[in-house]
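Residue numbers for the sequence shown follow my numbering, beginning at 1 and rising by one. Every residue, glycine too, gets a C-beta built ideally from N, C-alpha and C.
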Amino acid sequence: MTNPSDSTAHRYTPELAAQIESTWQQYWKDNGTFNAPNPVGELATEGAGALPKEKLNIQDMFPYPSGAGLHVGHPLGYIATDTYARYNRMLGKNVLHTLGYDAFGLPAEQYAIQTGTHPRTTTMANIENMRRQLGLLGLGHDPRRSVASTDPEFYKWTQWIFLQIYNSWFDEEQQKARPMSELVKELEVGKRKTKDGRYYSDLTAAEQAAALDEFRLVYLSNSTVNWCPGLGTVLANEEVTAEGKSERGNFPVFRKNLSQWMMRITAYSDRLLDDLELLDWPEKVKSMQRNWIGRSRGAEVDFTAEGHKITVFTTRPDTLFGAEYVVLAPEHELVDALLSPVPYDDDVDSRWTFGHDDPKEAVEAYRESIAAKSDLERQENKEKTGVFLGTYAVNPVNGKQVPIFIADYVLTGYGTGAIMAVPAHDTRDYEFATEFGLPITEVVSGGDISKEAFTESGKAVNSANESIDLNGKSKEDAIAAIIPWLEEQGIGREKIQYKLRDWLFARQRYWGEPFPIVYDAEGQAHPLPESMLPVELPEVEDYKPVSFDPDDSDSSPQPPLAKAREWVEVELDLGQGTQTYYRDTNVMPQWAGSSWYQLRYIDPQNSEEFCSLENERYWTGPRPEEHGAGDPGGVDLYVGGVEHAVLHLLYARFWHKVLFDLGHVSSKEPYRRLFNQGYIQAYAYTDSRGVYVPAAEVEEKDGKFYYNGEEVNQEYGKMGKSLKNAVAPDDICRDYGADTLRVYEMSMGPLDTSRPWATKDVVGSQRFLQRLWRLAVDETTGELATSDAELTEDDLKALHRSIAGVRDDYENLRLNTVVAKLIEYVNYLTRTYGNSAEGAPRAAVEPIAQLVSPIAPHIAEELWKRFGHTETITYSSFPTFEEKYLVDDEIEIPVQINGKVKARVNVPADADEDTVVSAALADARIVELTEGKNVVKKIYVPGRMVNLVVK
């Protein structure tokens, strides 16, 4: 007789789950289970020539190894990609899946500064902790391919790619990047002139170098940048919030003129826009990129003022006759030249002068007042402000003298940094004109401009001079007429304009990739040869940035690397004998490594190339036979958050296109398919002071929430350390098991939506796995609990329908419904055979191990082994289904009387209406309810119901 205490000795408990999970994780590690072979090179294996034709390259967005560690929200996407990868391995595909670490940049440096330790020390510790936490989850990554952007052998190739871009120019005729060497040949023979129209052969050596720099895809620019004194560095536009603060640290950001490295991403505007049509990406992300690039068609028009030409860009040249004033961006290069040298006239409206009598003083005060505003804040600011320069411009279509202002709603980053203001037909111009008492002249009929600007299409009015008459023309016809006229008069030209600005590619910090550039005594930049790569980041004692008072807009960057004098000043022979050169003391921005890392995953151990073209072609090359004639190639599935829509994804596309143009890759795009996962959110709680309290210690009583006896307020949002509502995956794995965590996260809802975390609900996923375990394993003996019985017709239907549904859901990343279907099938077997002495048929239970394997791989491996298999379940063939079991011979039809269900009848699945209605009327319950009554109407909804209207 079995001892009651031993009756559950083999129950699937958290302790048993932990044993199973550690055993199989070690097995996968020892056997290289997830190692994906390459066609050639270090990661190729014997017989690699016979690699599966079908492959899957799946990737998660490059994670930053946070010092705070992971919470359960972080692995959501990782579990999903692992599930999808495991499913595809079972379909026979060669699957590349790994995970590296984006470890350079401001977050790592800020954390190191806060903790007082070197960034490398904290970064390496963070990476190891993240690896440990992710290792608990049993993710099927190829560990040989993992990289970190901080590894010199990785950033050697980041520097190499930088040099490829630096040593390239964009040929507008061919719409592609070409090597600078080809440009030099064309310039030397006179086939092409310099940007300013001179012949290259007529220039001095210094002038030739400067002329070439104007063509390069990487160039030094003395331009307006976003200077953040609190961080001690400049920031890209994308790193500044709408409030004019730094994305990291929330410090004030000021506009300042500095010399910085820029990347000419604007040269690729059209390709970056047009090639979005080739991508299987969410439409939301495509729209965000389209809006960010901001292509618009219009005209450039030349106004004249004080001997200077003011060129404006407008998408509505048909409204030129209504231009009542000109506005320059406060930073525009002509502002100082156009300033009136004398005080304002007495009759100048006081609203125009910003409280000053002298135009120069007014402009200086105004510039200072807007220095902290971001571009977005300036554009969205409802309150219109500006300053009159004291001078006037001439409207070229009617000769009218119009005042010139500066105003913060005009940006140097878009168009020419100058606008013609047509207040009758532009909302911002209307608001400005109303605020400043300026004329408002209607030139498009159809609205009431006494109340607001009319911005719709209409007929042109008040728009004629002695040589052109637009009156009566539609918007389209007026534009078609005015642009050729402007060109004939030499005062304008058709123009396509973009919102996208060139990429500011330098940071005044320590923790980043050094530039492979040195400067000679004259300050001329020289690219280093490949043999001198990598330029390693020196170990320094003082790596902290020179930061300033966050509000000190007059401060200037002082990079930490400038202190490392022995590293900065070097003796090198770059082809003209040994000379003293000076290294660049800026570093690359944190986006550098993440702009190409997907390629290094392909060939991480290649010391000769950043990525073998043959390996790249296999893993990311175009496959028109699978994806259609326009397939751009790229990673097959890329999963990550929508917050990277413009920063990382746009930068990565740009780098990849340059590499494609230069012949280093066969794919036009880095990521063929993109999927944005949602987020796991959680409740957080604040006390009466508004201070967050530990969510795990809050108790609920009668619909209210208490912490240490005090009532607290519940709110809902992101999970994180600052809100004290983070749940560590370590704890869930310990208390429930990793497979339970995986099942729970996949079951919470559709992958692309956010969902609330509730630890109390995790037990539901644990019970599902326990029911599955009991179907296969005797909890008393540990032996198989299944029988050799044949499957019934119902069993076969349940099994094959589960297989068909699960396959389709895995394929389409509907992982929550995979879990639902598996629960339904396990529940069916439990109901049918739970009280059977023989147990459920093995043929019904064994396939569940394979069906659940992608989501709960540890328990699946264990069951697979107990069923007698000696090979890992990872590469077993995923079950298939037979169509005949997906079709019902009979269906159940509800029968209603006067709209209420009173009975159900079983009829052949292909029964016609007469057969179904006859069956309904013959049902004993229906006969009883209709006896002595008239059935006045019979309604049949095919396959759904019968409704009898009875009186």
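Please report the residue range of the alpha helix (DSSP H) in which Lys-286 lies.
First-last of the alpha helix (DSSP H) with Lys-286: 283-293.
Please go through the segment 16-63 and give each complete beta strand (DSSP E) segment of 3 or more residues, from N-terminal end onward.
Segments of the beta strand (DSSP E) lying fully in the segment 16-63: 55-60.
Comparing C-alpha positions only, which one of Arg-689, Val-712 and Gly-690 sits nearest to Val-697?
The amino acid at residue 697 is misidentified as Val; the sequence shows Glu. With distances taken between CA atoms, Glu-697 lies nearest to Val-712 out of Arg-689, Val-712 and Gly-690.
Cβ separation of Leu-278 and Asp-636, assumed to be a contact under 8 Å, to the nearest whole Å:
The pair is not a contact, with the Cβ atoms about 14 Å apart (cut-off 8 Å).
Length of the line joining the Cα atoms of Thr-8 and Asp-778
Answer to the nearest angstrom: the Cα atoms are 9 Å apart.
Alpha carbon of Gly-105 to alpha carbon of Asp-552, nearest angstrom:
If you draw a straight line from the Cα of Gly-105 to the Cα of Asp-552, it is about 23 Å long.
Can you find the residues in the same chain that come closer than 8 Å, C-beta to C-beta, to Thr-578, ignoring five residues on each side of it along the sequence?
Correct list, in chain order: Glu-571 and Leu-572.
Best match in His-627, His-664, Arg-216 and Leu-51 for proximity to Glu-609 [C-alpha to C-alpha]
Closest in alpha carbon position to Glu-609, among His-627, His-664, Arg-216 and Leu-51, is His-664.
Would the beta-carbon of Thr-83 fall within 7 Å of that of Thr-874?
The answer is no: Cβ separation not under 7 Å.
Between Trp-24 and His-858, which are expected to be in contact by the criterion C-beta below 8 Å, what is the C-beta distance as a whole number of angstroms?
His-858 and Trp-24 do touch by the CB rule: their CB atoms are close to 5 Å apart, below 8 Å.
Let me know the alpha helix (DSSP H) ranges lying completely inside the segment 248-281, each 4 residues or longer, listed in chain order.
Qualifying alpha helix (DSSP H) stretches, in chain order: 269-274.
State whether the segment 87-102 contacts the segment 845-862, with contact taken as three or more CB pairs (one from each stretch) at a distance under 8 Å.
Three or more beta-carbon pairs drawn from the segment 87-102 and the segment 845-862 are found closer than 8 Å, and the two stretches are therefore classed as touching.
Can you tell me which of Val-936, Arg-734 and Phe-878 puts its alpha carbon nearest to the alpha carbon of Val-950?
Taking each of Val-936, Arg-734 and Phe-878 in turn and checking the Cα distance to Val-950, the smallest one comes out for Val-936.
Apart from the five residues just before and just after Cys-228, which ones in its own chain have a Cβ nearer than 6 Å to its Cβ?
The residues are Leu-235, Ser-246, Phe-251 and Val-253.
Cβ shell of Gly-932 (< 6 Å), same chain only, five flanking positions each side left out:
None.
Which of the three DSSP states is assigned to Lys-245 in this structure?
In this structure, Lys-245 counts as strand in the three-state DSSP scheme.
Which one of Gly-868, Ala-909, Glu-871 and Thr-870 has the shortest CA to CA distance from Leu-886?
For Leu-886, the closest C-alpha among the options Gly-868, Ala-909, Glu-871 and Thr-870 is that of Ala-909.
From this set, Val-907, Ala-738, Tyr-268 and His-332, which residue's C-alpha is nearest Ser-223's C-alpha?
Out of Val-907, Ala-738, Tyr-268 and His-332, His-332 has the C-alpha closest to the C-alpha of Ser-223.
What did DSSP end up calling Trp-227 once you bin it into helix, strand or coil?
Looking at Trp-227 - three-state DSSP - the assignment turns out to be strand.
Cβ atoms of Met-719 and Ala-728: under 7 Å apart, would you say?
The answer is no: Cβ separation not under 7 Å.
Throw me the rounded Cβ distance for the Thr-580 and Glu-569 pair, which I believe falls under 8 Å.
Taking the Cβ atoms as the reference, Thr-580 lies roughly 6 Å from Glu-569, within the contact range of under 8 Å.
Reducing DSSP to helix, strand and coil, say where Thr-2 ends up.
For Thr-2, the pLDDT reaches just 36, beneath the cut-off of 50, and the residue's location in the model is therefore unreliable, leaving the point undetermined.
Measuring straight from C-alpha to C-alpha, what distance separates Thr-786 and Thr-792?
When rounded, the distance between both Cα atoms is 15 Å.
For the beta strand (DSSP E) holding Pro-527, just list the boundary residues, first then last.
Under the DSSP assignment, Pro-527 falls in the beta strand (DSSP E) whose first and last residues are 525-527.
Taking the CB atoms as reference points, tell me whether Gly-298 and Lys-495 lie closer together than 7 Å.
Using a Cβ distance threshold of 7 Å, Gly-298 and Lys-495 count as a contacting pair.
Which residue spans inside the segment 546-602 form an unbroken beta strand (DSSP E) run of at least 3?
Runs found: 569-573 and 578-583.
Give the C-beta separation of Thr-266 and Asp-502 to the nearest angstrom, bearing in mind that I take them to be a contact with Cβ-Cβ under 8 Å.
About 5 Å; that satisfies the 8 Å criterion.
Could you say which of Pro-604, Trp-160 and Asn-237 lies nearest to Tyr-414 if we only look at CA atoms?
The closest CA to that of Tyr-414, considering only Pro-604, Trp-160 and Asn-237, is found on Asn-237.
Tyr-219 in three-state terms, based on DSSP
The three-state secondary structure of Tyr-219, taken from DSSP, is strand.
How is the beta strand (DSSP E) around Val-387 delimited, first residue to last?
Secondary structure note for Val-387: its beta strand (DSSP E) is the uninterrupted segment 386-394.
Reference Gln-605, options Gly-116, Ile-113 and Arg-145, closest by Cα
Ranking Gly-116, Ile-113 and Arg-145 by Cα distance to Gln-605 puts Arg-145 first.
Does the beta-carbon of Asn-38 have 16 or more other beta-carbons within 10 angstroms, so that it is buried, or is it exposed?
Result: buried.
Where Thr-311 falls: helix, strand or coil (DSSP):
Strand, per DSSP.
Where does Thr-45 land, buried or exposed, given buried means 16+ other C-beta within 10 angstroms?
Result: exposed.
Let me make sure I understand the geometry here. Which of Asp-318, Tyr-12 and Ala-525 has the alpha-carbon closest to that of Ile-479?
Ile-479 has its Cα closest to that of Asp-318, out of Asp-318, Tyr-12 and Ala-525.
Euclidean distance between Cα positions of Asn-816 and Tyr-744:
Linking Asn-816 to Tyr-744 through their CA atoms gives a straight-line distance of about 9 Å.
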